[in-house]
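Visitor: In UniProt numbering, the protein residues as written are 1 to 146. Beta carbons are placed, not taken as given, at the ideal position from N, Cα and C, and that holds for glycine. One structure, as structure tokens, below. Some questions next.
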Amino acid sequence: MYSEKVMDHFQHPRNVGEIENASGVGTVGNAKCGDIMRMYLDIDDNGIIQDCKFKTFGCGAAVATSSMATELVKGKTIQEALEVTNKAVMEALDGLPPVKVHCSLLAEEAIHAALWDYAEKHHIKIEGLSKPKSDISEGETEEEEY
């Protein structure tokens with residue numbers, strides 16, 4: 001069962017689309033479930049995320065977590081955006097069913113992938129950011145599978 005917030009973000013997703021000439025673009029997926037998420041960031045010269053958009057191919061929970069993730073990072077600094085975890089996304093949505101937790105991980109990784117792309121384009125290192133996986137199912141154990 002999904003929370004009202006999950007249903008709202010699925011039925012009325014915020015920040016859908018692309019940003020032309022985005023500062024950073026990150027694409028991640030989960031081969032096991034087939035979800036693919038692309039996050040676009042527009043970051044100003046002060047390192048503030050002015051805009052964030054997404055395109056997601058996946059289930060309702062994937063769309064809802066993408067939508068919420070864009071809301072959580074907009075207006076934040078790069079460092080603050082880096083601290084948006086899958087747990088924060090889930091809490092903002094009033095929870096997810098256990099079999100859909102991977103969607104929130106996808107949202108977190110999409111933010112990190114877009115920040116990584118931004119860092120690469122600007123030849124900078126973002127403290128605490130490591131190269132993201134393109135497939136979040138990499139390294140999962142049998143127990144984490146659904």
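1. Tell me, please, whether the region 25–35 touches the region 76–93 by the rule of three or more beta-carbon pairs shorter than 8 Å.
2. Assuming S66 contacts F57 under a Cβ cut-off of 8 Å, what Cβ separation, rounded to an integer in Å, is found between them?
3. Starting from G29, trace the alpha helix (DSSP H) both ways and give me its first and last residue.
4. Measure the beta-carbon distance from A113 to V28 and round it to whole angstroms, keeping in mind my assumption that it falls under 8 Å.
5. Measure the Cβ-Cβ separation of E108 and N86 and say whether it is below 8 Å.
6. Since C52 and V84 are thought to touch, with beta carbons under 8 Å apart, how far apart are those beta carbons, to the nearest angstrom?
7. Measure the C-alpha to C-alpha separation of S3 and A61 and round it to an integer number of angstroms.
8. To the nearest angstrom, how far is it from the Cα of P13 to the Cα of D135?
9. Based on Cα-Cα distance, which residue from S130, L82 and A64 lies nearest to residue 215?
10. Can you list, in chain order, the residues of its chain whose CB lies under 6 Å from that of K5, leaving out five sequence neighbours each side?
11. Let me know if K131 comes out buried or exposed under the rule of 16 or more other beta-carbons within 10 Å of its beta-carbon.
12. Using beta-carbon positions only, say whether L106 and L115 come within less than 8 Å of one another.
13. Report buried or exposed for G24, applying the criterion of at least 16 other Cβ atoms within 10 angstroms of its Cβ.
14. Which runs of the beta strand (DSSP E) at least 3 residues long sit entirely within the region 67–114? Give them in chain order.
Guide: With the given structure in hand:
1. no
2. That pair is no contact at about 10 Å.
3. No alpha helix (DSSP H) holds G29; the beta strand (DSSP E) holding it covers G24 to N30.
4. 5 Å
5. yes
6. A Cβ-Cβ distance of about 11 Å is found for the pair C52 and V84, leaving them out of contact under the 8 Å criterion.
7. 10 Å
8. The C-alpha of P13 lies about 23 Å from the C-alpha of D135.
9. For residue 215 there is no data in the structure shown, the boundaries of the chain being 1 and 146.
10. Taken in chain order, the residues that qualify are L93 and D94.
11. exposed
12. no
13. buried
14. none
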